[in-house]
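To start, the structure under review is shown below, and the notes come after it.
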Amino acid sequence: MIGHLLIVEDDAGLNQILGIHFEEQGCTVDNAYNMAEALQKVSASAPDLALVDHRLPDGTGLELLTRLKEKEPDLAVIVITATQDLDLAIQAIRSGAYDFIHKPIQIEELAHVVDRALEHRRLLRQVAALSSESEPPVTLGEMIGHSRAMLDISKEIALVADSDVRVLITGESGTGKELVARAIHTHSRRQGPFLAVNCAAIVDTLLESELFGHEKGAFTGAIARKAGKFELAIEGTLFLDEVGELAPNLQAKLLRVLQESVFERVGGTQQLTTEARVIAATNRDLDTEVKTGRFREDLLYRLNVIQIHIPPLRERRDDIPLLVKGLMERLSRTLHRPPLQITEAAMTLLTENDWPGNVRELENILTQALVRARDTLLTPALLALRQDPPLSMPATPCQDPFRDSQGHLLSLDELEALHIQQVLDETYGHKGRTCEILGISRPALERKIHKYHLHLSRRIFD
């Protein structure tokens with residue numbers, strides 16, 4: 007135990023006993039017997055921690071706590087009282103006390119609390135030192151980083167923003183493809199809106215109406231005319247996310263719009279024109295999709311005039327500390343929580359993690375940590391990182407999925423358990439999305455999780 011302690015106790019005997027004990031533990035100790043003396047010694051020696059008795063000759067421990075925090079906001083303060091007053095304990099913690107101890111003092115309990123408080127103080131200083139070493143980041147809207155990849159992406163955006171050339175943004179899910187598209191639109195001269203459509207999130211029949219609009223009576227439920235995104239994005243940008251998921255008939259209609267800048271609403275005959283700039287994105291290899299016949303080659307040529315590739319987070323680990331800082335600041339505002347200061351150990355875990363879900367997964371992990379945090383530090387214990395392998399007997403790519411590792415056929419229950427676990431893993435524990443994929447109700451999913459003892463350690467959402 008190493009640290010500089012200030013013991014504020016008007017009982018001279020108890021003050022000296024505590025001082026001797028903590029000096030024997032390796033600490034430097036100052037003694038004060040009233041509030042005025044305590045404030046003077048804090049100004050003179052800047053201790054790491056103050057043990058403060060609540061009843062002092064010239065004030066209360068809570069009054070001294072407030073004054074100490076004004077002088078040294080990071081000073082850890084432990085309040086000691088002879089009363090069993092719950093309201094006093096709550097008030098002390100709310101006023102910034104690290105902990106609250108009752109008399110008679112149990113020296114082992116107090117030593118444990120002091121040890122934790124000194125470690126907390128050490129971590130705060132470590133975090134402050136790490137923060138002071140940060141380099142100025144490159145920012146693209148909400149994208150942050152100082153890696154070579156981020157610098158290259160920023161240059162590409164600068165080159166293509168002012169022209170109307172079509173851009174295809176590629177990269178794994180969660181890498182921030184929409185943020186790059188928004189940055190291109192923001193830095194362009196276009197005065198219209200930025201409209202985004204996720205082609206994988208809408209069924210084909212509704213997606214056609216979403217893109218091109220429809221006339222009244224065009225299909226069941228079409229009670230009025232509706233303008234589509236191509237019509238609404240006048241002099242703006244239309245971002246087509248996951249464009250590789252488009253059905254063949256919609257690929258044909260999109261190709262016509264890109265070639266001729268004309269289209270008709272669903273159920274209509276009037277020919278409309280569009281001046282929208284199209285930016286597309288995909289996490290698929292569209293060249294492979296063309297070879298297998300799932301994507302039109304002529305459409306790929308129209309979309310892929312300029313390609314910007316966003317590497318996965320595991321390939322630009324230098325950006326992770328800056329991303330964590332930026333995400334934490336934004337999330338703390340959104341969730342109305344104080345921002346967390348990240349310890350070196352926690353930052354090491356975040357930086358070394360492979361992040362298969364990329365920035366989106368990182369954001370989910372930080373959101374969970376912010377909600378669960380009980381103080382101002384983000385420690386490794388708050389990080390619900392994915393643990394691989396998710397199952398005790400996973401099926402390898404070369405293994406028969408209907409057999410276990412010994413070659414025995416799996417039972418129906420075992421197959422069901424494996425499949426549900428895989429869906430939970432793919433959705434990062436999102437139970438609502440898991441129910442949609444499996445086609446079962448929430449109570450049914452809960453029963454099966456309990457029945458098969460499925461892993462929820464990587465859960466991010468309920």
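Mapping of the sequence shown onto the numbering used here: residues 7 to 468, in sequence order. Beta carbons: idealized from backbone N, C-alpha and C, even for Gly.
Tell me the DSSP secondary structure of residue i in three-state form.
| i | result |
| --- | --- |
| A401 | Here the model assigns A401 a pLDDT of 42, short of 50, so the residue's position is not dependable, and the following value carries that caveat. The answer is coil: DSSP assigns A401 none of H, G, I, E or B. |
| R127 | helix |
| G250 | helix |
| N373 | The amino acid at residue 373 is misidentified as Asn; the sequence shows Thr. Three-state result, T373: helix. |
| H315 | strand |
| I240 | coil |
| D210 | helix |
| A95 | helix |
| Q347 | strand |
| K232 | strand |
| R378 | helix |
| I111 | coil |
| P63 | coil |
| T279 | strand |
| L384 | strand |
| H220 | strand |
| G435 | coil |
| G332 | helix |
| L68 | helix |
| D360 | coil |
| L337 | helix |
| L306 | helix |
| L391 | coil |
| E141 | With a pLDDT of 44 at E141, under the threshold of 50, the predicted position of this residue should be treated as unreliable, though the coordinate-derived value follows. In the structure shown, E141 sits in coil (DSSP, three-state: anything other than H, G, I, E or B). |
| L136 | Because the pLDDT of L136 is 48, which lies under 50, any placement of that residue in the model is unreliable, and the number read from its coordinates should be weighed accordingly. DSSP places L136 in helix when its eight states are reduced to three. |
| H461 | coil |
Going by C-alpha distance, which of the options is nearest residue i?
| i | options | result |
| --- | --- | --- |
| G67 | N40, L55, E76 and N255 | N40 |
| V365 | E350, R323, L384 and L252 | R323 |
| I240 | Q197, R231 and N21 | Q197 |
| G234 | F269, V58 and R154 | F269 |
| P344 | P110, A352, E335 and A351 | E335 |
| A123 | Y104, H108, R308 and A450 | Y104 |
| Q276 | L305, R308, E15 and E221 | E221 |
| A253 | G242, V166, T354 and G299 | G299 |
| H315 | R439, K183, Q374 and D381 | K183 |
| V272 | A50, E114, F106 and L213 | L213 |
| L130 | A450, T349 and L418 | T349 |
| D381 | E29, I99 and E43 | I99 |
| D17 | A38, N359 and I326 | A38 |
| E178 | D304, F200, D247 and H193 | D247 |
| P53 | A82, T181 and A42 | A82 |
| L260 | G445, H193, L305 and V171 | L305 |
| R339 | V377, R290, V85 and A450 | V377 |
| D170 | A202, A387, Y458 and V311 | V311 |
| N204 | L355, D93 and N289 | N289 |
| H60 | K47, D36 and D91 | D91 |
| T181 | V119, D360 and T440 | D360 |
| M156 | L424, L185 and R128 | L185 |
| T294 | L355, R73, H152 and G250 | G250 |
| I8 | E43, L20 and G32 | G32 |
| V263 | G274, Q428 and F236 | F236 |
| L238 | A206, L384 and L278 | L278 |
| P327 | Q347, L217 and H191 | Q347 |
| G151 | Y458, L460, F106 and P318 | P318 |
| A351 | H126, Q427, Q97 and G19 | H126 |
State the CB to CB distance for the pair residue i and residue j, rounded to an integer number of angstroms; the pair is presumed to be in contact (CB under 8 Å).
| i | j | result |
| --- | --- | --- |
| V209 | I285 | About 23 Å; that fails the 8 Å criterion. |
| L11 | T34 | 7 Å |
| L244 | A282 | 4 Å |
| Q320 | Q257 | A small correction: the amino acid at residue 320 is Arg; Gln does not occupy that position in the sequence shown. Not quite, the Cβ-Cβ distance comes to about 32 Å (not below 8 Å), so this is no contact. |
| L57 | V14 | 7 Å |
| L333 | L372 | 5 Å |
| R308 | Q265 | 7 Å |
Residue i lies in the beta strand (DSSP E); which residues open and close that run?
| i | result |
| --- | --- |
| I13 | H10 to V14 |
| T87 | A82 to T87 |
| L201 | F200 to N204 |
Taking residue i as part of the alpha helix (DSSP H), name the residues at either end of that continuous run.
| i | result |
| --- | --- |
| A287 | From DSSP, A287 is part of no alpha helix (DSSP H) but of the beta strand (DSSP E) over R283 to T288. |
| V296 | L292 to K297 |
| T226 | Note, T226: premise wrong, no alpha helix (DSSP H); not H, not E. |
| V429 | L418 to E432 |
| A450 | R448 to Y458 |
What residue ranges within the segment 156-196 form continuous beta strand (DSSP E) runs of no fewer than 3 residues, ordered along the chain? 173-176
Secondary structure, alpha helix (DSSP H): runs of 4+ residues fully inside the segment 14-56: 18-30 and 41-51
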